[in-house]
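Trainee: Below you will find the structure I want to go over with you.
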Amino acid sequence: MDSLMKGRTVLVIAHRLSTVKSADTVAVISDGQIVESGTHDELLSRDGIYTALVKRQLQGPRFEGTSNATAEIEPISNGQ
1 MDSLMKGRTV LVIAHRLSTV KSADTVAVIS DGQIVESGTH DELLSRDGIY TALVKRQLQG
61 PRFEGTSNAT AEIEPISNGQ
């Protein structure tokens, strides 16, 4: 996928955060608003919503016997 994007402006919408890890800019959208933006490393250093999402994906399924596709997802507060 990286070779297809080289030298182009590309908008990627993804739930799998590994897909956007190498992006120049990552935007976190909540309720239709951009609530965080920056590189993967910048967002991780801020310990905000993006960091919580990365940690959640790294933990894998939260319920025994379920896959990531079927595990119940709880909303993450954006601090408001």
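The letter at position 54 of the sequence shown is residue 54 when you use full-length UniProt numbering, and the numbering goes up by one with no holes.
Where a beta carbon is used, it is the ideal one built from N, C-alpha and C, also for glycine.
1) Using DSSP bridges, identify the partner residues of residue 30.
2) Please report the Cβ distance between residue 28 and residue 40, rounded to the nearest whole angstrom; I am assuming they are in contact, meaning their Cβ atoms lie under 8 Å.
3) Out of 5, 54 and 49, which one is the CA nearest neighbour of residue 24?
4) Our contact map puts residue 11 next to residue 53 with C-beta atoms below 8 Å; I'd like the distance itself, whole angstroms only.
Mentor: So, from the listed chains and residues:
1) Position 30 of the sequence shown, counting from 1, holds the residue named residue 30. Residue 30 pairs with 33.
2) One-based indexing of the sequence shown puts residue 28 at position 28. One-based indexing of the sequence shown puts residue 40 at position 40. About 11 Å separates the beta carbon of residue 28 from that of residue 40, a gap too long to meet the 8 Å contact definition.
3) Translated into positions along the sequence shown, residue 24 becomes position 24. Comparing Cα-Cα distances from residue 24 to each of 5, 54 and 49, the minimum goes to 5.
4) For the purposes of this step, residue 11 is taken as the residue at position 11 of the sequence shown. For the purposes of this step, residue 53 is taken as the residue at position 53 of the sequence shown. A Cβ-Cβ distance of about 19 Å is found for the pair residue 11 and residue 53, leaving them out of contact under the 8 Å criterion.
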